[in-house]
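There are 2 protein chains.
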Amino acid sequence: MKNRIITISREFGSGGRTIGKEVAEKLGIPCYDEKLINKIAEKSGFAKEYIADRGEYAPSVNWFVNMFGGRDYNGHSISDDLWKIQREIILELAEKGPCVIVGRCADYILKDTADCLTVFIHASKEKRAERIVKLYGERDEKPEQRLLDKDKRRKVYYQMYTDTEWGVADNYHISLDSGIFGIEKCVELITGLY
Amino acid sequence: MKNRIITISREFGSGGRTIGKEVAEKLGIPCYDEKLINKIAEKSGFAKEYIADRGEYAPSVNWFVNMFGGRDYNGHSISDDLWKIQREIILELAEKGPCVIVGRCADYILKDTADCLTVFIHASKEKRAERIVKLYGERDEKPEQRLLDKDKRRKVYYQMYTDTEWGVADNYHISLDSGIFGIEKCVELITGLY
């Protein structure tokens, strides 16, 4: 019997992480987000900050750089190592029991091995900019620019390792605009569907 | 005060039309699908079959043909006339009162003039193939091929007239996989959100 897993993919600043945490709390199952990063850090020896960034984001928005940059003579890169370890840990967690997994291409990794409810959380640029300033404060770089950069790098990463397009409705069971419905309504809808 | 409208965009064979009809019935508001085609036929003089096809589908999947084929010396085509009339009727309907509008880029047309809940209904190719054979019967062309052709032409049409990408989660408030949740659950979710 396959375990029931909720995977949450999300745009940066959409509140997807908070939604994942609250859904897990309501359902009384674990949520892997920070905990997942810790596990990957333990197994890989990489720093948490490195994993948080490079386990979901391509180093550059340039496809050519990502495909051929930083690779050894066998065509293999540190990003590939991280992808492999991340993948193994996600498969192990899904074996252990029902849970919520935020990000890290879990929807793709688990598509044949778990009974997944795949969720995509998005919101308008304005709503997300508002949220990231509230959460992470002002930076030199404008919030709109931070969003654009993060979105592009996440999209490239997803495409590179899954050969599927990130953010296309077809790839998720349900996609929700958290800026329109609010965090609480999204949590209610997802727990209701589980 | 802007009227509350539900716009339903959908993949061919996903059951989006049925969902729109049932949502409208439950909410006691009109659903414009067949009725919309009739209105466009009245105003334009075009045949209903022509409107059903060419008011949502590009004539070809080739962007170049759509952009430059069948145009007069002013760069204007019959598709453009149909788009204009369709747009006017959708704007008029939205002025009249709350309703459900299925397809025809209504989400894009109404984005600044009505209080819309924008919905996208999709399903896997297998589920949709099953549904179209059940609904429309077998044809010479395989159901998978019919889907592929319809999807591509709808995508091209949407891109051509709205300059926005069809089927990208970001462009809808909620996207649902009707193959996973079933028609009834989708109806329940949408009416609940209205």
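For the record, the sequence lines run as chains A and B.
Counting with my numbering, you get residues 53 to 246 for the letters of the first sequence.
Counting with my numbering, you get residues 53 to 246 for the letters of the second sequence.
Every residue gets a Cβ at the ideal spot worked out from N, C-alpha and C, and that includes glycine.
Uninterrupted alpha helix (DSSP H) stretches at least 4 residues long and entirely within the stretch 179 to 230 of chain A occur at 195 to 214, given in chain order.
If you check the CB distance, A/N55 and A/A166 come in under 8 Å. A check of alpha carbon separations from A/A175 across B/Q197, B/P150, B/R191 and B/S227 identifies B/S227 as the nearest. The shortest CA-to-CA distance from B/G231 to any of A/G97, A/R205, A/R183 and A/H225 is the one to A/H225. Only exposed fits A/R191, as fewer than 16 other CB atoms lie within 10 angstroms of its CB. A straight-line Cα-Cα distance of about 12 Å links A/K177 and B/N223.
Sixteen is the threshold: when 16 or more other Cβ atoms of the shown chains lie within 10 Å of the Cβ of B/E108, as they do, the residue is buried. Taken through DSSP and simplified to helix, strand or coil, A/I103 comes out as helix.
Judged by DSSP in its simplified three-state form, A/D164 adopts coil rather than helix or strand. In the three-state reduction of the DSSP assignment, B/S61 falls in the strand class. Residue range C151 to V154 is occupied by the beta strand (DSSP E) that includes A/C151. Within the same chain, Cβ atoms closer than 7 Å to the Cβ of A/D203 are found at E63 and F64, the five residues on either side in sequence being excluded. In terms of beta-carbon proximity, B/H174 lines the interface with chain A, with at least one pair separated by less than 8 Å. Nearest to B/V208 by C-alpha distance, out of B/V75, B/E86, B/I235 and B/C157, is B/C157.
Along the stretch 194 to 228 of chain A, going in chain order, the ones with a CB nearer than 9 Å to a CB of chain B are E217, G219, V220, A221, D222, N223, Y224, H225, I226, S227 and L228. Of all C-beta pairs linking the stretch 236 to 245 of chain B to the stretch 136 to 144 of chain B, fewer than three are shorter than 8 Å, placing the two stretches out of contact.
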